[in-house]
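S.K.: This is the structure, below, for whatever I ask next.
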Amino acid sequence: GNAAKFTHKGFIKMTASADESCTNIIIKVMDTGIGIPSDKFDGIFKSFTQVDLATTRKYGGTGLGLTLAEALLRLHHGTISVASDYGGANS
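So, in structure tokens, the structure goes:
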């Protein structure tokens, strides 16, 4: 959802693969959206948190999407992480 919400031009790419032991699935989403500053990485998984107020006003949202995604992944013994080239390609 966030990739589509914050990418106005460029691309959104989603890939799925298995790890070396074929016991885990790795899903990656890469986009050319607005990006996330590295000092905000930890906060984006907290409930009701947005990167900044200007983004909230412009795009809306509750700040629950990534919180819910992380909770569901933990229930299945999975993890979620973020990497971002602020202003460039993101995953």
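First residue of the sequence shown? That's 237 in this note's numbering, and the numbers climb one at a time after it.
Glycine included, each C-beta is placed from N, C-alpha and C at the ideal position.
Could you round the C-beta distance between residue 284 and residue 298 to whole angstroms and report it? I think they count as a contact, below 8 angstroms.
M.R.: Position 48 of the sequence shown, counting from 1, holds the residue named residue 284. Position 62 of the sequence shown, counting from 1, holds the residue named residue 298. Yes, residue 284 and residue 298 are in contact; Cβ-Cβ is about 6 angstroms, under 8 angstroms.
S.K.: Let me check understanding here. Comparing Cα to Cα, which of 264, 282, 246 lies closest to residue 253?
M.R.: Position 17 of the sequence shown, counting from 1, holds the residue named residue 253. Ranking the options by Cα distance to residue 253, first place goes to 264.
S.K.: Please state whether DSSP places residue 243 in a helix, a strand or coil.
M.R.: Numbered from 1 along the sequence shown, position 7 holds the residue referred to as residue 243. In the structure shown, residue 243 sits in coil (DSSP, three-state: anything other than H, G, I, E or B).
S.K.: Among 280, 246, 319, whose alpha-carbon lies nearest the alpha-carbon of residue 300?
M.R.: Indexing the sequence shown from 1 puts residue 300 at position 64. The residue with the shortest Cα to Cα distance from residue 300 is 280.
S.K.: Going by DSSP, which residues form a beta bridge with residue 272?
M.R.: For the purposes of this step, residue 272 is taken as residue 36 along the sequence shown, with counting starting at 1. Looking at the DSSP assignment, residue 272 forms no beta bridge with any residue, so it has no partner.
S.K.: Look up residue 282 in the DSSP assignment and give the residues it is bridged to.
M.R.: One-based indexing of the sequence shown puts residue 282 at position 46. According to DSSP, which records beta bridges pairwise, residue 282 is partnered with nothing at all.
S.K.: Kindly indicate which three-state DSSP category residue 251 falls into: helix, strand or coil?
M.R.: Position 15 of the sequence shown, counting from 1, holds the residue named residue 251. Here residue 251 sits in strand by DSSP.
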